[in-house]
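**Student:** Structure in C-alpha cells, see below.
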Amino acid sequence: MSKFTDSIDANLGEEYSSISPGSIPDNCIACEDCDPENEEPVFSSRPCETCGSNLAGDRHNAHAIGYHGEIVHFDICTDCVMYFANAEEPENWEG
Ligand SMILES: [Zn+2]
Ligand SMILES: [Zn+2]
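In C-alpha cells:
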C-alpha cells in the first residue's frame, strides 16, 4: 500500500473495486456524463474523483459498475489511468 492507493481506497470505499479507464462500449451512450462526440481528456483543476489529487491536469473518463448494475462515471487523473489500466503507481505522489 501507498499514500496513493490509500487515498483511492478512502475515496471509493468498497463500493467500486473495478474501475475501467476509458469510455464504455457503444461510445458511452449509456453514460450521461460522457460526450460521445468528444472522448479527449479534459484539462481541469477539479480534483481527481478517485485519488483526490488537486493537481490540475488532464481528466480522463472512467467507469465502474455500481451495486445495482448502474454505470458510474468518474473523471480521473492520468496517474489513476495508469493505475487502473496497468497497476502502475505514480512515484512520489503527494495528492
Ligand atoms: Zn461516462
Ligand atoms: Zn487520480
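To get the working numbering, take the position in the sequence shown, counting from 1, and add 30. Every residue, glycine too, gets a C-beta built ideally from N, C-alpha and C. Remember, it's a predicted structure, so these values are computed and weren't measured experimentally.
1) Quick check: is any heavy atom of ligand 2 less than 7 angstroms from the C-beta of Ser83?
2) Suppose contacts are defined by Cβ-Cβ distances below 8 angstroms. Is Gly52 in contact with Ala92 by that definition?
3) Nearest-angstrom Cα distance between Ala60 and Ile101?
4) Check whether the Cβ atoms of Asp65 and Ser83 sit closer than 8 angstroms, and answer yes or no.
5) Note down, in chain order, each residue of its chain lying with its Cβ closer than 6 angstroms to the Cβ of Leu85, except the 5 sequence neighbours on either side.
6) Among the residues of its own chain, which have a CB less than 6 angstroms from the CB of Glu69, if the five just before and after it don't count?
7) To which residues of the same chain is His50 closer than 8 angstroms at the C-beta, ignoring the five residues directly before and after it?
8) Checking 8 angstroms against the spacing of the C-beta atoms, do His103 and Asp63 come in under that value?
9) Within a Cβ cutoff of 8 angstroms, which residues of the same chain sit near Ser32, ignoring the five residues on either side of it in sequence?
**Tutor:** A quick look at the data gives this:
1) yes
2) yes
3) 8 angstroms
4) no
5) none
6) Ser53
7) Note on residue identity: the sequence assigns Ser, not His, to residue 50. So the qualifying residues of the chain are Ala92, His93, Ala94, Phe114.
8) yes
9) Glu119, Trp123
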